[in-house]
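Visitor: Numbering (the working numbering), first residue to last: 29 to 643.
Glycine included, every Cβ here is placed at the ideal spot set by N, Cα and C.
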Amino acid sequence: MKDDSPSTTLPPGRLPEDVLRGGLPGGLFAVSCAYLVLPYVIFFLGWLHWWLAAGMTALLLAASYRTIRDLARFPGSGGLSWRQLAWAVGAAVALCLFAGMGGYGAPDSDHPKHEAVLRCLIEEPWPATVPSPEGRFPLVYYTAWYLPAAVVGKLAGWRAAHHFLFAWTLLGLALSIAWFCRLSRGTAWVVVTVFVLFSGLEVIGAAGWRLLDFLGSADFDGSRPLWAHVDWNALRWWNWGMRWWGLDATRNYSCNVSLLFFVPQQALAGWILTAIIAQLIARSSDVARKSLVFFFSLSSLWSPFVTLGLVPLVALDLFSGAKPPWRHARVYGSLANVCGLAVLGLLGLYFLSRFGEIPLQSDPGAGLRLSIRPGESALAFLGGVLVFYALEVGVLAWSVWATGVVADRRDVRLLVVVLALLLLLSPLKYGAFNDLQMRASIPSLFLLAVFVARAVQHHAAPPARRLILVGLLAVAAANPISEVYRHVRGVLAQGRIIAISDVDDVRTLWELNLVFRRLADEEDGLLMQLFHTDTFFRQYVGSRESLFFKHLARRPPGAGVVGAGPSKHNQGIPLRAASTASGPRHEREPRSVEQSDVVAPSSQTRPARPRPSGL
Numbered sequence: 029m030k031d032d033s034p035s036t037t038l039p040p041g042r043l044p045e046d047v048l049r050g051g052l053p054g055g056l057f058a059v060s061c062a063y064l065v066l067p068y069v070i071f072f073l074g075w076l077h078w079w080l081a082a083g084m085t086a087l088l089l090a091a092s093y094r095t096i097r098d099l100a101r102f103p104g105s106g107g108l109s110w111r112q113l114a115w116a117v118g119a120a121v122a123l124c125l126f127a128g129m130g131g132y133g134a135p136d137s138d139h140p141k142h143e144a145v146l147r148c149l150i151e152e153p154w155p156a157t158v159p160s161p162e163g164r165f166p167l168v169y170y171t172a173w174y175l176p177a178a179v180v181g182k183l184a185g186w187r188a189a190h191h192f193l194f195a196w197t198l199l200g201l202a203l204s205i206a207w208f209c210r211l212s213r214g215t216a217w218v219v220v221t222v223f224v225l226f227s228g229l230e231v232i233g234a235a236g237w238r239l240l241d242f243l244g245s246a247d248f249d250g251s252r253p254l255w256a257h258v259d260w261n262a263l264r265w266w267n268w269g270m271r272w273w274g275l276d277a278t279r280n281y282s283c284n285v286s287l288l289f290f291v292p293q294q295a296l297a298g299w300i301l302t303a304i305i306a307q308l309i310a311r312s313s314d315v316a317r318k319s320l321v322f323f324f325s326l327s328s329l330w331s332p333f334v335t336l337g338l339v340p341l342v343a344l345d346l347f348s349g350a351k352p353p354w355r356h357a358r359v360y361g362s363l364a365n366v367c368g369l370a371v372l373g374l375l376g377l378y379f380l381s382r383f384g385e386i387p388l389q390s391d392p393g394a395g396l397r398l399s400i401r402p403g404e405s406a407l408a409f410l411g412g413v414l415v416f417y418a419l420e421v422g423v424l425a426w427s428v429w430a431t432g433v434v435a436d437r438r439d440v441r442l443l444v445v446v447l448a449l450l451l452l453l454s455p456l457k458y459g460a461f462n463d464l465q466m467r468a469s470i471p472s473l474f475l476l477a478v479f480v481a482r483a484v485q486h487h488a489a490p491p492a493r494r495l496i497l498v499g500l501l502a503v504a505a506a507n508p509i510s511e512v513y514r515h516v517r518g519v520l521a522q523g524r525i526i527a528i529s530d531v532d533d534v535r536t537l538w539e540l541n542l543v544f545r546r547l548a549d550e551e552d553g554l555l556m557q558l559f560h561t562d563t564f565f566r567q568y569v570g571s572r573e574s575l576f577f578k579h580l581a582r583r584p585p586g587a588g589v590v591g592a593g594p595s596k597h598n599q600g601i602p603l604r605a606a607s608t609a610s611g612p613r614h615e616r617e618p619r620s621v622e623q624s625d626v627v628a629p630s631s632q633t634r635p636a637r638p639r640p641s642g643l
């Protein structure tokens, strides 16, 4: 296969010399930096007191300029081939046209949440607040992906915001795939194919789960051969619940396509920043360290879970060098890194406001704990975690190692860190849908995909071992292909690619909260029981009495007013009494909800266990 990367001789398993000894893709790097920084400028100017906004914006822009200037001075090829760029853009366009973002394609079950957040940011004065029967609460969420589109919406309206959001997502995905090509090297179409099809072996787990479910059902007749029971229609894997291991959303490592379709607000920056930080730590130079904390901090407004997932990569640079970390104190104390620490501190206070005093209940089951089910023995729990890890990570990692592509000491350390973090996350659960595991794993899964892309092109490996890896990737591809298939069918069903919802049909976050509470009353699953309280709503709001909103942010209009008057969001929604575990209180009755309009929890995180009549 032809290597479409810029001319560079690569030892087996090694990063390109221009990455190790200097040289970053100048244009790609500059555009990526601008993409990541722009939402922060909007956030600072829209949320902070003027004196703090001016200072933070000036510091951020100065740090960005100096970082781009310093890293662009090094020699090296520093770019992508036109073929790689064309494949990256082409794949991004093809995926985004069906993803549902900005009204393009078929939306997923997370779409109402995205619409609600975007509408709130467009219609509410900044800092945006969210109305509820208990008053208005500040919107506290990772809003970086939404903010540029919200500015367009304030200036040009709802539909213009959606068209921009599509373009914004497309740009982010193209940058992500371009960076993936940059790290993986090799033939463009092979690398892009690996990015799109990369997944754990969910289809094997789904098949096993189906088989066990069928063998234990009353329909199974042991006197007949197994194939006589087969329902051949059920063998179409796109009808299966691929999240076989994740009943009640306890465990989930998402494929790249699922991340794009469900959580672009976290995935895009996670991929871009992982690639940048991986290149910086690979260089192991003082110039790279001058911007390491800066880029690490840029993940915080995009996704604090991704920030947690990047911690091991930063720690790898701190503790793997020949010198102890304190010997690099002067380097780490650069302007860019000081800016990064300021951003981390400020955003840390912003997100800490979610843990302040709020007169709304959240189920304790959504907190940090082991993902053990009620009544499950310790042995069964441990066995389930190990099987999950083996099929989602271990088999692919072993196959990559067997090719010999991981030969360089730096690559070995990086792969060990990736596998260790994924193992650490496997038994944990935080959030109703286990956001910690699904999103903190984004950087590690991205790097594992890079190793897979290198390994399938590692011609020094025994052909049989490469063939095994390609076969595993082909089997794993059932999951992303099923996601694409589902979206293509959705577009065909709606009869058009562009279907932007009317702004008046978009439910508020409080209305979605009531929908989830209704589902909790109707369903018996362990997951849905978390939503008998206001767990859904609490994910998006913070305390108006927190340090951030009392002293650093501009005062949100109407914040702190219990029973705040009707807004564009809640006009015409009557109050009704409701009895809860804590006693009677008032809540707003949502407008009439048809059964087809009920927003179920994400199909990515809450599979329905199949009950087939045949295999």
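DSSP beta-bridge partners for S160?
Guide: Its beta-bridge partners are G163.
Visitor: Are there 16 or more other CB atoms within 10 angstroms of the CB of D532, so buried, or fewer, so exposed?
Guide: Under this definition D532 is an exposed residue.
Visitor: Do P140 and R535 have their beta-carbon atoms positioned less than 9 Å apart in this structure?
Guide: It is a contact, given that the beta carbons lie within the stated cut-off.
Visitor: Measuring alpha carbon to alpha carbon, tell me which of V218, V179, V121 ends up nearest A195.
Guide: When each option's Cα is compared against that of A195, the closest is V121.
Visitor: When the Cα of L580 is compared with those of L167, A81, L211, which residue comes out closest?
Guide: Residue A81 is the option with its Cα nearest to L580.
Visitor: Counting along the chain, where does the alpha helix (DSSP H) carrying D549 start and finish?
Guide: Taken as a continuous stretch (DSSP letters only), the alpha helix (DSSP H) holding D549 covers 537-550.
Visitor: Between the alpha carbons of G361 and I304, how many angstroms are there, rounded?
Guide: About 19 Å.
Visitor: If we call anything under 9 Å between Cβ atoms a contact, is A504 one with L320?
Guide: Result no, Cβ atoms of A504 and L320 do not sit closer than 9 Å.
Visitor: Rounded C-beta distance between A134 and F126? I'm assuming under 8 Å.
Guide: Yes, they are in contact, since the Cβ atoms of A134 and F126 sit about 6 Å apart, within 8 Å.
Visitor: For V413, I'd like the list of residues in its chain whose CB is within less than 6 Å of its CB, leaving aside the five on either flank, ordered along the chain.
Guide: Closer than 6 Å at the Cβ level, and outside the excluded window around V413, lie S454, P455.
Visitor: Out of P176, T215, G368, state which residue places its alpha-carbon closest to the alpha-carbon of L108.
Guide: The candidate whose alpha carbon is nearest that of L108 is T215.
Visitor: I think W538 touches F565, with their Cβ atoms under 8 Å apart; what is that distance to the nearest whole Å?
Guide: Contact holds; Cβ gap of about 6 Å.
Visitor: How would you call R358, buried or exposed, if buried means at least 16 neighbouring beta carbons within 10 angstroms?
Guide: Exposed is the call here.
Visitor: Just verifying my parser: in three-state terms, what is the DSSP assignment at K457?
Guide: In the structure shown, K457 sits in a strand (DSSP, three-state: E or B).
Visitor: Give every residue of the same chain whose Cβ lies closer than 7 Å to the Cβ of C124, excluding the five residues on either side of it in the sequence, and list them in chain order.
Guide: Cβ neighbours of C124 beyond the five flanking positions: Y132, F194, T197, L198, L201.
Visitor: In chain order, what residues of the same chain have a beta carbon less than 8 Å from the beta carbon of G611, not counting five sequence neighbours either side?
Guide: In this predicted model, G611 has a pLDDT of only 35, less than 50, meaning its place in the structure is not dependable enough to derive any value.
Visitor: Since L540 and A177 should fall inside the 8 Å C-beta cutoff, what is the C-beta to C-beta distance between them, to a whole number of angstroms?
Guide: Incorrect: roughly 19 Å between the Cβ atoms, too far for contact.
Visitor: Please name the residue or residues paired with I132 in a DSSP beta bridge.
Guide: At residue 132 the sequence reads Tyr, which differs from the Ile that was named. I526.
Visitor: Quick one: grab the DSSP three-state call for V480.
Guide: In the structure shown, V480 sits in a helix (DSSP, three-state: H, G or I).
Visitor: Smallest Cα separation from S313: which of R94, L89, D98, S92?
Guide: If we check each option's Cα against that of S313, D98 comes out closest.
Visitor: If you drop the 5 nearest sequence neighbours on each side, which residues of the same chain put their C-beta closer than 7 Å to that of P471?
Guide: Closer than 7 Å at Cβ, skipping near neighbours: G298, T302, V334, G337, L338, L341.
Visitor: Exposed or buried, what is E573 when buried is set at 16 or more other beta-carbons lying within 10 Å of its beta-carbon?
Guide: Exposed.
Visitor: For R397, which residues does DSSP report across the bridge?
Guide: BP columns for R397 point to K457.
Visitor: Smallest Cα separation from R382: which of G185, G570, L410, E404?
Guide: Ranking the options by Cα distance to R382, first place goes to G570.
Visitor: For A581, list the residues DSSP reports as bridge partners.
Guide: Paired residues: L76.
Visitor: Spatial neighbours of G432 within its chain, please: CB distance less than 6 Å, with the 5 preceding and 5 following residues excluded, ordered by chain position.
Guide: Counting only Cβ-Cβ distances below 6 Å, and skipping sequence neighbours, we find A489.
Visitor: Can at least three beta-carbon pairs, one atom from the region 370-389 and one from the region 440-450, be found at a separation below 8 Å?
Guide: Contact fails: fewer than three Cβ-Cβ distances are below 8 Å.
Visitor: What's the C-alpha gap between A206 and L113?
Guide: If you take the alpha carbons of A206 and L113, they lie about 6 Å apart.
Visitor: DSSP state of A628, grouped into three classes?
Guide: Note that A628 has pLDDT 41, beneath the 50 cutoff, so the model's placement of it is unreliable and the number below is only indicative. It is coil, neither helix nor strand.
Visitor: Have a look at H486, L175, D345 and flag the residue whose alpha-carbon is nearest the alpha-carbon of A435.
Guide: Closest by alpha carbon: H486.
Visitor: By alpha-carbon positions, which one of Y513, E511, V480, R546 ends up nearest to G499?
Guide: Of the candidates Y513, E511, V480, R546, the one whose C-alpha sits nearest the C-alpha of G499 is V480.
Visitor: Report buried or exposed for R437, applying the criterion of at least 16 other Cβ atoms within 10 angstroms of its Cβ.
Guide: That one is exposed.
Visitor: Please determine if the region 541-552 and the region 369-382 are in contact, where contact requires at least 3 C-beta pairs separated by less than 8 Å.
Guide: These segments do not touch.
Visitor: Just to check my reading of the structure: A477 and F226 have Cβ atoms closer than 8 Å, yes? What is that Cβ distance to the nearest angstrom?
Guide: The pair is a contact, with the Cβ atoms about 4 Å apart (cut-off 8 Å).
Visitor: Can you check DSSP and say which residues form a bridge with W569?
Guide: Per the sequence shown, the amino acid found at residue 569 is Val instead of Trp. Beta-bridge pairing links V569 to L167.
Visitor: Pull up the CB-CB distance for V231 and N507, whole angstroms please, since I reckon it's below 8 Å.
Guide: Yes, V231 and N507 are in contact; Cβ-Cβ is about 6 Å, under 8 Å.
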